[in-house]
Amino acid sequence: VSQDLIFGGIDIGASATKVALVDSKCRLIASDIRKTGVSFESSAQEAMDTALASCGLNRQDLKRVLASGYGRHNVAFAQDTRTEIACHARAAHYYFPHQITVVDVGGQDNKIIHVNAQGRRDSFKMNRKCAAGTGAFLEEVAQRMDIPLDQIDSLARQASHTVHMGSFCTVFTKTEILAHMRAGEKVPEIVAGLIESVVKRIMEMDSLAGEVVITGGVVAHNPMLAEMLARHVNHPVHILPNAQLAGAFGAALLAVETFSESI
Amino acid sequence: VGKQTFKKIQASNQMKEIMEAHFRELDAAAKTKSHKIAWCTSVGPAELLKAMGFQVFFPENHGAMLGATRMATDLIPVANAVGYSPDICSYLTSDIGSYLKGDSPISKAYPGISGPPRPDVLVFNTNQCRDVQDWFNFYGREFNVPVIGLQTHRGVGAVTKAHVDSISAQIQALVPKLEEIAGKKLDYDELKRVVGLSRQCTDLWKEVLQIASHKPSPLTFFDGTIQMGPAVILRGEQRAVDYYKVLLAELKQRTQNGVAAIDNEKFRLYWEGMPIWGKLRELSTQFAELDTCVLASTYCSSWVFPALEAEEPFDSMARAYIELLIVRDEDYKEQYFSDQIERYKIDGVIFHDAKTCPNNSNNRYGMPERLAKKFDIPMLVIHGDLNDLRCYSEEQARTNIEAYIEQLAEKTSR
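Below, the structure is given as structure tokens:
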């Protein structure tokens, strides 16, 4: 593979569409993140074209594109698809090339993936139908509390203690918060409790053995989540660099690898 | 796209004919009162009922029809509204909803038949679960007819003489009550004949299922869910025996001609748990597209009764009904799954955690984790339900399955 080849990874999530462009050495050269909205196809095209334009490239420069995420089968310009599980595992193993547990907290799903030292999956789990303890949970509760999403992390850091929530359920939690507010609890302590609720949901999904690497948009915007998880699991918890881009970056890495295998 | 997902089994036309004949006979009996009608649970004492001249209707089969036609999800809330929880058996809730709303898939499949035939007696066996008894009690009250049945032990390890004696005595205790309803005495020789036919049916059905151990498999689990109809509702009858001879011959021909159910079979999976009736088409298509054959299951094997013996009808029926996996303890189940994994040369197991069917959801006590360790093969749990599609997320299931096949592919490229 020569050095001037460009590979694209695209991850069309429930909430955001992410694009990563890498060169043949797997170096990230451009990216784009935008809301998925109502059209997988057009958000994919816009994200890809924006990423390409940011480094003076166009579609013809792409050697291979691999798509992932909910909308992975809706990207006409992708030559291949992989699930988010494959892509997050690949991205995490790129930065942490040993045995790890990958925790992806996404807009609609959580995934826990056990990756061995060779980068292969030993097992994985996704949340059930319910989206409790995912980005959707934080978004909806924040909206009810009239808190801008970008302030969740800083608010939680001001908390003197954590208000423990009795449920991961978005609907029940909204009601429970009313009771806590009536009891005199303040917003920062409640927000800390919301993040802790996400942590508790992750911990009941699967056992988190060894080093943990968190990926996805929720932790990218709320690094407090990783710190809280570290306190619960008692071993290192890392946030993947460019955590929200993990699926797209992993897809781009897989595009490089599958291209290399095909020649 | 365009890939053949269901390879047509030619014998199926004959199956459709005998199944339709069965429903038309039931309907005629109900209308003309030529025969008494018994409703029976799927592994209830159907052999006894048939030997006594009852026409037998199986509500669980009706439940599966409600699921497969996707009528269930609209009908379940009707039963919920009259006090039957959405957390209990969705065969029960969809069937009761169907009754209350007067809407049955039978009338759509067989024009001229309005729905299930009115029962003269309801006969249950709690070997499936407690829900079947509550289900039948609802109709007992509605139709003001007797509800009788067998109370089966649960969590059985080794089946002992005490177990068999208990169930056998319970079956024999049904006889006087049934004689009274039928208005005639049990003919013991007729019972022996029916049990003998049921055994023949079961042996052939077992052979049909076990042909899937062939590589590549000529049969999928999805085929099995359709082909099992006669083994459930026509067992004890000559036409079921005749049918499975034809089906078996066709499948043997497939193996001789190297015909696979799934072209390019790459992975061989086992399905543990209930079918997701309303999604059979989508699931079978997805697996076919992934070059994966789901080829065997506990579910389809649940109507294999090697214990039946014509010469000892009562004791052998008792043993057959209690040997079922659903009745057994966790150790027995683990050994059974282990044997199945080896018999069918399985690459992975899909456990369907059915929200409303705890007794058929064998993933809930650490089984997938234990088997994964024992065989060094990955396991997948899909959350869904037999009939209530409100409990099923298609997107999540699809991604789970796709990721699972990716994982199997990574494993084989090791």
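Those protein sequences? They're chains E and V, same order as listed. The first sequence lines up with residues 1 to 263 when you count with my numbering. The second sequence lines up with residues 264 to 677 when you count with my numbering. Ideal Cβ placement from N, Cα and C applies to all residues, glycine included. As the structure is a computational prediction, the values presented were derived from the model and not from experiment.
Looking at C-beta atoms only, is the number of pairs between the segment 628-647 of chain V and the segment 573-589 of chain V that lie closer than 8 angstroms three or more?
Contact between the segment 628-647 of chain V and the segment 573-589 of chain V is absent: fewer than 3 CB-CB pairs across the two stretches fall below 8 angstroms.
On the premise that residue 499 of chain V lies in contact with residue 313 of chain V, defined as a C-beta separation below 8 angstroms, what is that separation, rounded to the nearest angstrom?
Right, their Cβ atoms sit about 5 angstroms apart.
Spell out the partners DSSP gives residue 34 of chain E in its beta bridges.
For residue 34 of chain E, the beta-bridge partners assigned by DSSP are E:17.
Of all the CB atoms in chain V, is at least one closer than 8 angstroms to the CB of residue 203 of chain E?
No, no contact with chain V.
Check whether residue 7 of chain E and residue 255 of chain E have beta carbons under 8 angstroms apart
yes
Going straight from the alpha carbon of residue 279 of chain V to that of residue 208 of chain E, what length do you get?
Those two C-alpha atoms are separated by around 51 angstroms.
DSSP three-state call for residue 67 of chain E: helix, strand or coil?
strand
Could you please give me the residues that DSSP links to residue 533 of chain V through a beta bridge?
According to DSSP, residue 533 of chain V bridges with V:559 and V:612.
Euclidean distance between Cα positions of residue 441 of chain V and residue 451 of chain V:
14 angstroms
Which runs of the beta strand (DSSP E) fall wholly inside the segment 466-541 of chain V and span at least 3 residues, in chain order?
530-535
Please tell me whether residue 311 of chain V and residue 489 of chain V are closer than 8 angstroms, where the distance is taken between their beta carbons.
The answer is no: Cβ separation not under 8 angstroms.
Could you give the distance in angstroms between the alpha-carbon of residue 531 of chain V and the alpha-carbon of residue 669 of chain V?
14 angstroms
Determine whether the Cβ of residue 83 of chain E lies closer than 8 angstroms to any Cβ atom of chain V.
yes
Closest residue to residue 654 of chain V among E:181, E:130, E:212 and E:161 (Cα-Cα distance):
Comparing Cα positions, the closest option is E:130.
Restricting to Cα atoms, I'd like to know which of V:448, V:381, V:572 and V:410 is closest to residue 680 of chain V.
Absent from the model: residue 680 of chain V. The displayed extent of chain V is 264 to 677, so no value can be given.
Quick check on residue 20 of chain E: buried or exposed, where buried means 16 or more other Cβ atoms within 10 Å of its Cβ?
buried
Same chain only: Cβ atoms within 7 angstroms of residue 514 of chain V, ignoring 5 sequence neighbours per side:
471, 474, 481 and 482
Need the endpoints of the beta strand (DSSP E) that residue 126 of chain E sits in, please.
121-126
Under 8 angstroms by Cβ, that's how I've got residue 612 of chain V and residue 533 of chain V pegged, so tell me the actual separation to the nearest angstrom.
5 angstroms
Please state whether DSSP places residue 412 of chain V in a helix, a strand or coil.
strand
Is the CB-CB distance between residue 173 of chain E and residue 165 of chain E below 8 angstroms?
For residue 173 of chain E and residue 165 of chain E, yes; Cβs fall inside 8 angstroms.
Below 8 angstroms on C-beta distance, what does residue 665 of chain V contact in chain E?
In chain order: 83.
Give a yes or no on whether the minimum CB-CB distance between residue 264 of chain V and chain E is below 8 angstroms.
Because the pLDDT of residue 264 of chain V is 41, which lies under 50, any placement of that residue in the model is unreliable, and the number read from its coordinates should be weighed accordingly. So, not an interface residue.
What do you get for residue 660 of chain V, buried or exposed, if any count of 16 or more other CB atoms within 10 angstroms of its CB means buried?
Buried is the call here.
So which residues of chain E does residue 641 of chain V contact, with C-beta pairs closer than 7 angstroms?
Result: 123.
Would you check if the distance between the CB atom of residue 545 of chain V and the CB atom of residue 625 of chain V is smaller than 8 angstroms?
For residue 545 of chain V and residue 625 of chain V, no; Cβs fall outside 8 angstroms.
Contained alpha helix (DSSP H) runs [length at least 4] in the segment 398-465 of chain V, N- to C-terminal order:
424-445
What did DSSP end up calling residue 352 of chain V once you bin it into helix, strand or coil?
coil
Is the beta carbon of residue 317 of chain V closer than 8 angstroms to that of residue 369 of chain V?
no
Proximity to residue 63 of chain E [Cα-Cα], best of E:23, E:169 and E:193
E:23
Look up residue 271 of chain V in the DSSP assignment and give the residues it is bridged to.
The partner list for residue 271 of chain V (beta bridge, DSSP) is empty, contrary to what the question assumes.
Cutoff 7 angstroms; reference residue 570 of chain V; Cβ partners in own chain excluding five residues on either side
579, 582, 583 and 586
Could you compute how far the alpha carbon of residue 88 of chain E sits from the alpha carbon of residue 219 of chain E?
Roughly 14 angstroms separates the two Cα atoms.
Minimum length 3: unbroken beta strand (DSSP E) runs contained in the segment 89-113 of chain E
100-105
Looking only at C-alpha atoms, which of V:503, V:486, V:343 and V:428 sits nearest to residue 461 of chain V?
Taking only the C-alpha atoms, the option nearest residue 461 of chain V is V:503.
What does the Cβ neighbour count give for residue 263 of chain E, buried or exposed, with the cut at 16 atoms within 10 Å?
The residue is exposed, with fewer than 16 neighbouring Cβ atoms inside 10 Å.
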